[in-house]
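Colleague: Structure below; questions to follow.
2 protein chains.
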Amino acid sequence: MAGQVQRQTGVALWRQIADRIRQAISAGAYDETGMVPPETVLALQFGVNRHTVRSAIAALAQEGIVRAVQGRGTLIERKERLNFPITRRTRFTSGIGEQAREMRALLLSHSEEKADADVARGLKIRPGEPVIRMETVRKADGRPVSCATAWFPAARFGGMPDAYKRTESITRAFAELGLSDYVRSTTEITAIHADEADTIALELAPGAILLITKAVNTDLEGVPVQYAISRFAADRVQFTIEN
Amino acid sequence: MAGQVQRQTGVALWRQIADRIRQAISAGAYDETGMVPPETVLALQFGVNRHTVRSAIAALAQEGIVRAVQGRGTLIERKERLNFPITRRTRFTSGIGEQAREMRALLLSHSEEKADADVARGLKIRPGEPVIRMETVRKADGRPVSCATAWFPAARFGGMPDAYKRTESITRAFAELGLSDYVRSTTEITAIHADEADTIALELAPGAILLITKAVNTDLEGVPVQYAISRFAADRVQFTIEN
DNA sequence: TTTAAATGTCTATTGATATAGACAACTATA
DNA sequence: TATAGTTGTCTATATCAATAGACATTTAAA
Numbered sequence: 018m019a020g021q022v023q024r025q026t027g028v029a030l031w032r033q034i035a036d037r038i039r040q041a042i043s044a045g046a047y048d049e050t051g052m053v054p055p056e057t058v059l060a061l062q063f064g065v066n067r068h069t070v071r072s073a074i075a076a077l078a079q080e081g082i083v084r085a086v087q088g089r090g091t092l093i094e095r096k097e098r099l100n101f102p103i104t105r106r107t108r109f110t111s112g113i114g115e116q117a118r119e120m121r122a123l124l125l126s127h128s129e130e131k132a133d134a135d136v137a138r139g140l141k142i143r144p145g146e147p148v149i150r151m152e153t154v155r156k157a158d159g160r161p162v163s164c165a166t167a168w169f170p171a172a173r174f175g176g177m178p179d180a181y182k183r184t185e186s187i188t189r190a191f192a193e194l195g196l197s198d199y200v201r202s203t204t205e206i207t208a209i210h211a212d213e214a215d216t217i218a219l220e221l222a223p224g225a226i227l228l229i230t231k232a233v234n235t236d237l238e239g240v241p242v243q244y245a246i247s248r249f250a251a252d253r254v255q256f257t258i259e260n
Numbered sequence: 018m019a020g021q022v023q024r025q026t027g028v029a030l031w032r033q034i035a036d037r038i039r040q041a042i043s044a045g046a047y048d049e050t051g052m053v054p055p056e057t058v059l060a061l062q063f064g065v066n067r068h069t070v071r072s073a074i075a076a077l078a079q080e081g082i083v084r085a086v087q088g089r090g091t092l093i094e095r096k097e098r099l100n101f102p103i104t105r106r107t108r109f110t111s112g113i114g115e116q117a118r119e120m121r122a123l124l125l126s127h128s129e130e131k132a133d134a135d136v137a138r139g140l141k142i143r144p145g146e147p148v149i150r151m152e153t154v155r156k157a158d159g160r161p162v163s164c165a166t167a168w169f170p171a172a173r174f175g176g177m178p179d180a181y182k183r184t185e186s187i188t189r190a191f192a193e194l195g196l197s198d199y200v201r202s203t204t205e206i207t208a209i210h211a212d213e214a215d216t217i218a219l220e221l222a223p224g225a226i227l228l229i230t231k232a233v234n235t236d237l238e239g240v241p242v243q244y245a246i247s248r249f250a251a252d253r254v255q256f257t258i259e260n
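Each protein sequence line maps, in turn, to chains A and B. Read in order, the letters of the first sequence are residues 18 to 260 in our numbering. Read in order, the letters of the second sequence are residues 18 to 260 in our numbering.
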């Protein structure tokens, strides 16, 4: 842990400390006790006032990561980080496997629109051709994990929103629409700060980090069937690439 | 762009705005003029005072991304984002290709130590076995891109630090030590906030984002030869995975 | 039942962040 | 050479973030 906090950076000390503690928890640093060290210890460790540590812990409690109990200490409530393997056969829902008891995928909105340059490049179609656009949120055990915007060629997958709403799965929706199998062609990964909309949708602390993937899925002939930009809560997930 | 800024989040408005503008620049939003919009326009856009925008621009100028010229406007100095393909044949230096004129790899420090649990798992050796540890920084055209901590089995690659210092390349250093080829086995990607040490080493704005990769390279027989944890400046890079 | 150790609450003070307005200085152009 | 449009500087004020200290309240263990 250690590593001092920085002052006058535009990021409040309590937020920096909250980020550090969240990280330490998910790295298993406090597994022995199942508790965060006492406020006075943390204050000494980070070289700040106890009240500043309290602000940090209050933020983590707000996120549901810890629960402070007067007289006992601050208990760790949640420490998981979901792992997403990125392979040729990347699947969102089944990829989670036993890491969560329940995965839900919710369709927030959908529309038919004309492909812009970015989408057209991903789907290998001409700009202006009709595409289905879907905005989705995926949750693991009720906890939001990612927001995604996905585009499908309208000619082939006009029924996508309906099928997705019913099946809550891209894989199953594709199957209903006659595509029994598909593969991940390319994935592009970046990281940015969450904006307001994603902060709300993902129930994040403001200023949180998003891992962004831009992915293209194709059918077995290599024809693109889906282009998706997904925004993952960085402190809840990791990606693994097996080569 | 748009998307309002958030108040009372522990992240100062000027920092949020700086992050947005940096992102917009790298997305090419201001390519037509090569300039950031006037302060008054940005202030209106973000719904903040002009002075707040000025703080944001001052931070970006500090990073060398923009340069404000009295009477003219705020010129964009730099907007590149390096792309790192992650494949079975991932190479750092040659992977950059023509994206930068000059790549340099600097060895900050090295030591021989005993493998801890994490390193032992990566290198598939027993905890406690001797490993060479190297701390490195890699720069593209003089701009720091990543910090890395790398471990090698000491028995086989004792000469690694020397060879790396001379060749400034893992690939060439391996070659000098008799390993003509190697492949990327696994890569794990996460994102966190930069701590103080990395902020300094990577010349980052405090509160910046790091993309973290944990990677295992093996020889052609599948025996691990390197385990590395790299920390990339998230606003300077992206990863692509081709399947 | 004490006591130590932990979190919870309150008051006060200082420094950083943000707003507001006015005006100076510089640049490019009509 | 004006003038519009831009960045630079200054003062003042309000709010948030951080420190400091004192003491209350709760829990678990001696």
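C-beta atoms are modelled at their ideal positions from N, C-alpha and C, and glycine is treated no differently.
Mapping the DSSP letters down to three states, classify S247(A) as helix, strand or coil.
Modeller: S247(A) falls in the strand class under three-state DSSP.
Colleague: Where V86(A) and A190(A) are concerned, what is the direct C-alpha to C-alpha distance, given to the nearest angstrom?
Modeller: Each residue's alpha carbon lies about 46 Å from the other.
Colleague: For the region 161-175 of chain B, list every residue whose C-beta sits within 8 Å of some C-beta in chain A, in sequence order.
Modeller: Per Cβ criterion, the list is empty.
Colleague: Of the residues I103(A), G27(A), A60(A), which one's Cα is nearest the Cα of T204(B)?
Modeller: The candidate whose alpha carbon is nearest that of T204(B) is I103(A).
Colleague: Drop a sphere of 10 angstroms on the beta-carbon of A35(A), count the other beta-carbons inside from all chains shown, and report buried for 16 or more, exposed for fewer.
Modeller: Label assigned to A35(A): buried.
Colleague: So is H210(B) in contact with chain A if we call contact Cβ pairs under 8 Å?
Modeller: Yes - at least one Cβ of chain A is within 8 Å of the one on H210(B).
Colleague: I need the DSSP call for A218(A), collapsed to helix, strand or coil.
Modeller: Helix.
Colleague: Are the Cβ atoms of I142(A) and K96(A) separated by less than 8 Å?
Modeller: The answer is no: Cβ separation not under 8 Å.
Colleague: Mind the definition here: the region 211-226 of chain B touches the region 53-69 of chain A only if three or more C-beta pairs lie below 8 Å; say whether that holds.
Modeller: Contact between the region 211-226 of chain B and the region 53-69 of chain A is absent, because fewer than three Cβ pairs lie under 8 Å.
Colleague: Classify S54(A) as helix, strand or coil using the three-state DSSP reduction.
Modeller: Position check: residue 54(A) holds Pro in this sequence, whereas Ser was assumed. Coil.
Colleague: Please give the ranges of any alpha helix (DSSP H) in the region 86-140 of chain B, keeping only runs that are unbroken, at least 4 residues long and fully inside the region.
Modeller: The region 86-140 of chain B contains these whole alpha helix (DSSP H) runs: 109-113, 134-140.
Colleague: Let me make sure I understand the geometry here. Which of D158(A), L140(A), K156(A) has the alpha-carbon closest to that of R267(A)?
Modeller: Look at the range of chain A in this structure, 18 to 260, and you will see that residue 267(A) is not part of it.
Colleague: Which residue or residues does DSSP assign as beta-bridge partners of R84(A)?
Modeller: In the DSSP output, where bridge partners are listed per residue, R84(A) has L92(A).
Colleague: Would the C-beta of R160(B) count as close to the ligand COA, meaning under 7 Å from any of its heavy atoms?
Modeller: You won't find the ligand COA in this model; it holds no ligand whatsoever.
Colleague: Of all the residues that make up the region 238-260 of chain B, which are near chain A by a beta-carbon distance shorter than 7 Å?
Modeller: Within the region 238-260 of chain B, the residues whose Cβ lies closer than 7 Å to some Cβ of chain A are A251, Q255, F256, T257, I258, E259, N260, listed in chain order.
Colleague: Please state whether DSSP places T207(B) in a helix, a strand or coil.
Modeller: If DSSP states are grouped into helix, strand and coil, T207(B) belongs with the strands.
Colleague: For chain A, is any of its Cβ atoms less than 8 Å away from the one on A192(B)?
Modeller: Not closer than 8 Å to any Cβ of chain A, the Cβ of A192(B) fails to qualify, so no.
Colleague: Considering only C-alpha positions, which residue in the set G27(A), V154(A), P144(A) is nearest to A134(A)?
Modeller: Closest option to A134(A), Cα to Cα, is P144(A).
Colleague: What is the rounded straight-line gap between the Cα of A250(B) and the Cα of L219(B)?
Modeller: Cα-Cα distance, rounded: 7 Å.
Colleague: Based on Cα-Cα distance, which residue from R98(A), E94(A), V22(A) lies nearest to V70(A)?
Modeller: Per the Cα distances, V22(A).
Colleague: If the criterion is Cβ atoms closer than 8 Å, does the pair L124(A) and Y181(A) meet it?
Modeller: Yes, the pair counts as a contact, with Cβ atoms nearer than the cut-off.
Colleague: Give every residue of the same chain whose Cβ lies closer than 6 Å to the Cβ of A73(B), excluding the five residues on either side of it in the sequence, and list them in chain order.
Modeller: Closer than 6 Å at Cβ, skipping near neighbours: W31, I34, A35.
Colleague: To the nearest angstrom, report how far apart F169(A) and E130(A) are at their CA atoms.
Modeller: Answer to the nearest angstrom: the Cα atoms are 10 Å apart.
Colleague: Mind checking D252(A): buried by the 16 CB within 10 Å criterion, or exposed?
Modeller: That one is buried.
Colleague: Check whether the Cβ of A29(B) lies closer than 8 Å to any Cβ atom in chain A.
Modeller: Answer yes: the Cβ-Cβ gap between A29(B) and chain A drops below 8 Å somewhere.
Colleague: Which of the three DSSP states is assigned to Q255(B) in this structure?
Modeller: Here Q255(B) sits in strand by DSSP.
Colleague: Taking only beta-carbon positions, decide if D48(B) is within less than 8 Å of chain A.
Modeller: D48(B) does not count as touching chain A.
Colleague: Measuring only between beta-carbons, confirm whether R108(A) sits less than 8 Å from chain B.
Modeller: No, because no Cβ of chain B sits closer than 8 Å to the Cβ of R108(A).
Colleague: Excluding the five sequence neighbours on either side, which residues of its own chain have a C-beta within less than 7 Å of the C-beta of G175(B), listed in chain order?
Modeller: Taken in chain order, the residues that qualify are I149.
Colleague: Name, in chain order, the residues that DSSP records as bridge partners for I226(B).
Modeller: Its beta-bridge partners are H210(B).
Colleague: Determine the burial state of A19(B): buried for a count of at least 16 other Cβ atoms within 10 Å of its Cβ, exposed for fewer.
Modeller: In this prediction, A19(B) has a pLDDT of 45, which is less than 50 and means its spatial position is unreliable; what the coordinates show is noted afterwards. That one is exposed.
Colleague: If we count the other Cβ atoms within 10 Å of its Cβ and call it buried at 16 or more, is A245(B) buried or exposed?
Modeller: Flag for A245(B) reads buried.
Colleague: Listing by chain order, which chain A residues have their CB less than 7 Å from the CB of R32(B)?
Modeller: Chain A residues near R32(B): G27, V28.
Colleague: Counting only beta-carbon atoms, is I206(A) nearer than 8 Å to chain B?
Modeller: So, interface residue.
Colleague: CA-CA distance, A157(A) and S186(A)?
Modeller: Cα-Cα distance, rounded: 13 Å.
Colleague: Restricting to Cα atoms, I'd like to know which of G159(A), P178(A), R138(A) is closest to T153(A).
Modeller: Among G159(A), P178(A), R138(A), the Cα nearest to that of T153(A) is on P178(A).
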